[in-house]
Ligand code: ASP
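Residue numbers (this note's numbering): 65 to 674.
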């Protein structure tokens with residue numbers, strides 16, 4: 065015996081019926097999508113996961129007609145009837161089943177439903193909070209079902225590619241010790257050992273490295289990760305990664321594997337043929353040319369560093385910034401000459417909101433001169449230099465940002481993307497290639513200054529935090545002395561970026577206990593503390609550890625981009641809001657005082673509101 069294709073109650077999926085089924089008696093079941101009751105005849109659109117089918121009830125089957133009068137939208141019904149071709153002129157091109165309809169002989173109500181909280185349609189404007197409160201209804205919308213189907217398809221392709229390449233799926237614990245990935249841990253107090261807690265894994269990083277010690281050689285897992293972050297932007301406290309690790313390989317193996325996987329996903333899900341190899345951009349070049357470590361390559365508008373052009377300038381703001389070691393960074397906006405004075409002012413305000421003192425701008429005139437509040441201070445040579453370095457042409461606008469180097473770059477990088485979005489310049493080349501721009505960002509710094517880090521757990525005593533995580537190997541030329549030149553040391557790490565979104569991070573790992581201790585020490589983690597927190601990893605390393613490398617692409621983000629969604633919440637069945645709450649289950653919920661007692665915990669008095 066094998067499972068019936070549509071469940072024992074049905075012979076077909078509503079969305080699967082076509083002209084060739086005309087004349088057949090079928091049974092379908094699903095939700096009443098819409099109902100049009102003309103008294104003598106009633107039409108129901110019946111919806112299930114496979115699609116929508118028009119059901120007709122007329123007086124020839126009075127029971128069916130009576131039931132059709134009674135049902136309401138979102139009731140669950142089972143309909144038996146005869147498939148018939150719709151008459152010419154009555155076909156509905158918008159439905160896959162639009163050539164046929166089902167003449168009902170019986171309609172059985174399986175379940176009644178309240179009036180839905182919002183219409184089950186794709187383009188309906190509903191507050192997200194309400195959608196999440198009634199998520200079970202929200203997920204009925206065809207677009208949401210499709211997103212979940214795409215997600216399942218992506219995961220299935222991932223598994224196939226990984227297995228084909230000899231990777232095996234190994235589960236690692238959810239109740240564990242902290243793994244540092246730059247966020248706070250979710251803690252789970254232990255009842256059996258009062259006063260102790262588990263941490264939910266920020267990633268399976270340490271376990272996957274230990275699996276390499278164990279000789280698993282090629283590991284993967286569709287892994288849930290937990291990070292207690294302030295939920296700015298589009299983050300979720302729990303999210304899913306393809307986590308993988310391999311022994312005896314290097315960067316090139318990881319690049320090839322990931323390219324094979326993304327090529328297969330994009331081919332099968334979207335029919336898009338991704339060119340490989342993905343371009344590789346050094347981190348430093350990405351920051352210099354695009355002002356971002358996640359460059360969006362769907363459009364050009366590269367940044368230009370104008371330190372040399374303005375080396376001897378009389379433009380006061382630029383001179384001040386350059387004399388104090390900062391940068392002047394510019395970009396040309398193609399055809400930006402049509403921006404009004406007011407729009408330029410708005411962009412200046414935009415920059416100020418991001419902490420800039422201001423934003424200078426100009427428009428290149430037909431004669432090659434620059435119309436700008438600054439032009440009277442600019443020499444001929446400087447003007448020529450601006451046009452040369454930015455590539456600006458007559459009719460283009462030029463924007464200038466100034467300040468400390470990394471600030472100026474990031475400001476102009478953000479402006480580059482914002483301008484391109486506003487002006488519709490993204491992916492305008494018209495080819496698939498312009499729509500999906502993958503790249504590798506490689507050779508990132510080993511460390512970031514702790515003062516510039518948003519890692520709440522940063523060991524600020526040392527002044528440096530890892531750019532990736534502390535298990536990442538320094539580049540060979542820094543192995544001996546990264547401690548002496550942390551500001552220039554690079555790591556054997558790599559990110560995958562798609563259309564300006566970081567999809568994956570990974571690295572070649574340290575596989576030497578002494579080198580690992582040196583990195584910990586440099587980060588302000590003493591040998592004793594390292595032993596306490598990571599003793600199990602270091603012990604593992606003393607039992608024969610192969611060189612290994614790995615990466616972890618985010619599944620939520622990948623699916624979000626493939627589905628054309630703006631938020632990962634659209635591709636997660638039951639996501640949390642920006643405050644980490646689930647309006648449907650009302651999690652997190654107040655604790656039960658008795659449960660606290662059992663855990664050996666006591667509540668502190670709430671801080672008094674001022
Ligand atoms: N564990 C890393 C992360 O979650 C990925 C990796 O290095 O493989 O970002």
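Just so you know, even glycine gets a beta-carbon here, dropped at the ideal spot from N, CA and C.
From a predicted model like this one, the values you see are computed outputs, not experimental measurements.
Under 9 Å between C-beta atoms of residue i and residue j
{"i": "residue 700", "j": "residue 240", "result": "With the chain represented from 65 up to 674, any question about residue 700 goes unanswered, as that position is not in the structure."}
{"i": "residue 569", "j": "residue 613", "result": "no"}
{"i": "residue 112", "j": "residue 83", "result": "no"}
{"i": "residue 529", "j": "residue 544", "result": "no"}
{"i": "residue 196", "j": "residue 646", "result": "yes"}
{"i": "residue 453", "j": "residue 370", "result": "yes"}
{"i": "residue 629", "j": "residue 562", "result": "no"}
{"i": "residue 374", "j": "residue 446", "result": "yes"}
{"i": "residue 379", "j": "residue 438", "result": "yes"}
{"i": "residue 423", "j": "residue 479", "result": "yes"}
{"i": "residue 117", "j": "residue 140", "result": "no"}
{"i": "residue 552", "j": "residue 472", "result": "no"}
{"i": "residue 263", "j": "residue 382", "result": "no"}
{"i": "residue 539", "j": "residue 475", "result": "no"}
Backbone CA spacing between residue i and residue j [nearest angstrom]
{"i": "residue 426", "j": "residue 477", "result": "18 Å"}
{"i": "residue 444", "j": "residue 326", "result": "49 Å"}
{"i": "residue 221", "j": "residue 329", "result": "6 Å"}
{"i": "residue 609", "j": "residue 270", "result": "13 Å"}
{"i": "residue 363", "j": "residue 485", "result": "10 Å"}
{"i": "residue 658", "j": "residue 668", "result": "15 Å"}
{"i": "residue 412", "j": "residue 599", "result": "52 Å"}
{"i": "residue 537", "j": "residue 306", "result": "21 Å"}
{"i": "residue 591", "j": "residue 584", "result": "8 Å"}
{"i": "residue 164", "j": "residue 616", "result": "47 Å"}
{"i": "residue 345", "j": "residue 503", "result": "7 Å"}
{"i": "residue 355", "j": "residue 468", "result": "13 Å"}
{"i": "residue 410", "j": "residue 402", "result": "14 Å"}
{"i": "residue 98", "j": "residue 170", "result": "18 Å"}
{"i": "residue 102", "j": "residue 631", "result": "42 Å"}
{"i": "residue 497", "j": "residue 100", "result": "Note that residue 497 scores a pLDDT of 48, beneath 50, so its modelled location is shaky; the value from the coordinates is reported in the next line. So the alpha carbons of these two residues sit roughly 45 Å apart."}
{"i": "residue 573", "j": "residue 556", "result": "8 Å"}
{"i": "residue 313", "j": "residue 177", "result": "57 Å"}
{"i": "residue 448", "j": "residue 549", "result": "38 Å"}
{"i": "residue 637", "j": "residue 181", "result": "18 Å"}
Residue i, enclosing alpha helix (DSSP H) - first and last residue
{"i": "residue 262", "result": "Run containing residue 262: none in the alpha helix (DSSP H); it sits in the beta strand (DSSP E), 261-263."}
{"i": "residue 477", "result": "469-486"}
{"i": "residue 323", "result": "315-334"}
{"i": "residue 98", "result": "Unbroken run through residue 98 is the beta strand (DSSP E), 89-101; no alpha helix (DSSP H)."}
{"i": "residue 201", "result": "199-202"}
{"i": "residue 592", "result": "591-605"}
Residues sharing a beta bridge with residue i, DSSP
{"i": "residue 310", "result": "282, 613"}
{"i": "residue 19", "result": "The displayed coordinates of the chain run from 65 to 674. Any statement about residue 19 would go beyond what the structure contains."}
{"i": "residue 302", "result": "290"}
{"i": "residue 232", "result": "283"}
{"i": "residue 569", "result": "559, 616"}
{"i": "residue 465", "result": "393"}
Own chain, CB closer than 6 Å to residue i, minus 5 neighbours either side, in chain order
{"i": "residue 121", "result": "106, 128, 129, 132, 168"}
{"i": "residue 559", "result": "505, 566, 569"}
{"i": "residue 172", "result": "142"}
{"i": "residue 399", "result": "459"}
{"i": "residue 119", "result": "108, 110, 143, 166, 168"}
{"i": "residue 601", "result": "270"}
{"i": "residue 298", "result": "631, 632"}
{"i": "residue 236", "result": "268, 271"}
Continuous beta strand (DSSP E) stretch holding residue i: start and end
{"i": "residue 504", "result": "502-506"}
{"i": "residue 220", "result": "Segment 206-228 is the alpha helix (DSSP H) holding residue 220; no beta strand (DSSP E) there."}
{"i": "residue 253", "result": "251-253"}
{"i": "residue 149", "result": "140-149"}
{"i": "residue 126", "result": "Unbroken run through residue 126 is the alpha helix (DSSP H), 126-134; no beta strand (DSSP E)."}
{"i": "residue 511", "result": "511-513"}
{"i": "residue 558", "result": "557-562"}
{"i": "residue 168", "result": "164-175"}
{"i": "residue 426", "result": "424-428"}
Proximal residues to residue i (C-beta, below 7 Å), its chain only, five neighbours per side dropped
{"i": "residue 323", "result": "340, 341, 342"}
{"i": "residue 622", "result": "218, 567"}
{"i": "residue 665", "result": "253"}
{"i": "residue 534", "result": "244, 583, 584, 587"}
{"i": "residue 233", "result": "284, 285"}
Proximal residues to residue i (C-beta, below 8 Å), its chain only, five neighbours per side dropped
{"i": "residue 605", "result": "277, 575, 576, 577, 580"}
{"i": "residue 11", "result": "This structure cannot settle anything about residue 11, because the visible part of the chain is limited to 65 through 674."}
{"i": "residue 76", "result": "70, 85, 90, 91, 92"}
Test: residue i CB closer than 9 Å to a CB of chain D
{"i": "residue 392", "result": "As a matter of chain content, chain D is missing from the structure shown, which is built from one protein chain."}
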